[in-house]
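Worksheet for the structure shown next.
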């Protein structure tokens, strides 16, 4: 659920408590949304991310310099 709050009425401690409880908080100025506060998800470990990328790339064929040159030529048309 999203909670909308006027910036002038905002209390940071209360907003943080709402975000930590899983709410998204939209800060508004004069009825216009200015920013959104939401919880940060757990960061993905860099090692796990690299392993996932390498696994995904392992099944693909390597791109040659000729293919890259052809793509550049097509893009210039």
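Residue numbers (the numbering used here): -13 to 63.
Note that CB positions come from ideal geometry on N, CA and C, so glycine has one too.
This structure is a prediction, so every number in the text was calculated from the model and none was measured.
- Excluding its 5 nearest sequence neighbours in each direction, residue 41 has no C-beta neighbour in its own chain below 7 Å.
- The alpha carbon of residue 25 has as its nearest neighbour, out of 52, 48, 4 and -5, the alpha carbon of 4.
- Remark: C-beta atoms of residue -9 and residue 13 approach each other more closely than 7 Å.
- Of the residues 7, 2, 6 and 20, the one whose Cα lies closest to the Cα of residue -7 is 20.
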